[in-house]
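Before any comments, here is the structure.
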DNA sequence: ACTGCGCCATGACATCTGTCATGACCAACG
DNA sequence: CGTTGGTCATGACAGATGTCATGGCGCAGT
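Chains as they are written, first to last, in this note's numbering: chain Y, -12 to 188; chain C, -12 to 188.
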């Protein structure tokens, strides 16, 4: 019996995945949580063999939850199950210690297999996504550029970003300009979009 | 036996929902499709009693699929199952003829009940979302303002939007200015965000 | 010790944006 | 028929944005 932990913020999806995996004779869902913060505690309590984590979650996201879980319970293997196949997500997930990475539009029949492979100690990665990740490479943005671009996501003006990050307006404009250049954008909004698409934010 | 049709672009979610609903003795999934375009054809072929449609789908979205389905097969009731509880989505879905509207973070146990209620001819609507919809009201944007704002979503400059919509730059700026005013934003990016959040785009 | 690089800042410049006034055309409505 | 409102356009203006040159500071690596 492979014991599973499910983490997804959407209760309906969580329950549905539970039903899907529960149909397999050798799989057993022993815990379900709705946020990344609850992952470690639930894992310590229910001792799953494999944890299926979503990336987009309120509070702690799936990737940092992966890192925390690896530290707190190294014997639990992590399979990331996410909506967005962003190159940066894959890279960061593997660096955080995930054993597998599955996108939510893979056929349902393959999920159980992915779980079994991960449990057996293998790596499971969508090959198309893996090449994307190689092409896109690591984030070219420096820490500060990332901060500033992240602060610009909600459409804030330079002045607002500056006060929020305790910077001068000129500095914010410089960082933004650098980010725009590095992302190949012509524009703050474009830069945000491509950086998000690559999982750099 | 209530016959069901599932439409969701994410295969994993689709399969998982199928597994979840298949556990109920009185429910039976007779068709699954991955895009809005395929909904009507599948409905005509498999004659479901209730169709569960996602809103965000490639090609035809769930709301227009609802309208098409109501016309092609009026006896099929529609239950919208979506990630985003945007007020405008609810309003437009009901106007298109949907019988129910469920957000994906409702508990999994309630989905089967929602299906049964819809099948019985009742309306199913998240009460919190319903009040939100009343508060937010209908979109204040005119058709053209919506077009321009939609074209601005990807961070395009005024010049690009103008050529794409065959307008002069001044006109684009006027429409954008009007949209910014109506959305209470100070900014093009902010206007896009609030309009999207309300389901106006 | 020197160099490179990230970070912060300033100032200047060209361009882009958002706003406003104004006017024309057309459709809908009373 | 006059009014209202949406659409398109122009021109002008202030303010925001993006770029660039320049300089100081601190922290690596050679």
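Glycine residues also receive a C-beta, built at the ideal position from the N, C-alpha and C atoms.
The way I'd put it, the segment 146 to 165 of chain Y does touch the segment 117 to 136 of chain Y; three or more beta-carbon pairs between them come closer than 8 Å. Taking C-beta atoms as the reference points, residue 56/C and residue 42/C fail to come closer than 8 Å.
About 18 Å separates the Cβ atoms of residue 49/C and residue 3/C, ruling out a contact at the 8 Å cut-off. For the segment 134 to 154 of chain Y, the set of residues with a beta-carbon nearer than 9 Å to any beta-carbon of chain C comprises 139, 140, 141, 142, 143 and 144, in chain order. Its chain contains 155, 156, 158 and 159 as the residues whose beta carbon lies nearer than 8 Å to that of residue 149/Y, once the 5 sequence neighbours on both sides are disregarded; these appear in chain order.
For residue 147/Y, the enclosing alpha helix (DSSP H) stretches over residues 145 to 152. Proximity to residue 91/Y across -1/C, -11/C, -8/C and 163/C peaks at -1/C, based on C-alpha coordinates.
A distance below 8 Å separates the beta carbons of residue 35/C and residue 18/C. Around residue 182/C, no beta-carbon contact reaches into chain Y at under 7 Å, the shortest distance being about 11 Å. Beta-bridge pairing by DSSP links residue -11/Y to 14/Y.
According to the DSSP assignment, residue 68/Y belongs to the beta strand (DSSP E) that extends over 64 to 69. The residue among 146/Y, 123/Y and 131/Y with its C-alpha nearest the C-alpha of residue 185/Y is 123/Y. Comparing C-alpha distances from residue 27/C to each of 47/C, 9/C, 14/C and 10/C shows the shortest one belongs to 47/C.
Taken atom to atom, the span from the alpha-carbon of residue 170/Y to that of residue 178/C is near 24 Å. Any Cβ of chain C closer than 8 Å to the Cβ of residue -10/Y would place that residue at the interface, and such an atom is absent. For a Cβ distance threshold of 9 Å, residue set 142, 143 and 144 of chain Y lies close to residue 174/C, ordered along the chain. Here residue 52/C carries a helix assignment [DSSP, helix/strand/coil]. DSSP, read as helix, strand or coil, puts residue 95/Y in coil. In the three-state reduction of the DSSP assignment, residue 121/Y falls in the helix class, which pools H, G and I.
In the structure shown, the three-state DSSP call for residue 19/Y is strand. The residue from 175/C, 131/C and 112/C with its alpha-carbon nearest to that of residue 81/C is 112/C.
Around residue 165/Y, the same chain offers 132 as residues with beta carbons nearer than 7 Å, after the five sequence neighbours per side are excluded. Nearest to residue 89/C by alpha-carbon distance, out of 63/C, 116/C and 79/C, is 116/C. In the structure shown, residue 135/C falls within a helical segment according to DSSP collapsed to helix, strand and coil.
At a cut-off of 8 Å between beta carbons, residue 35/C makes no contact with chain Y.
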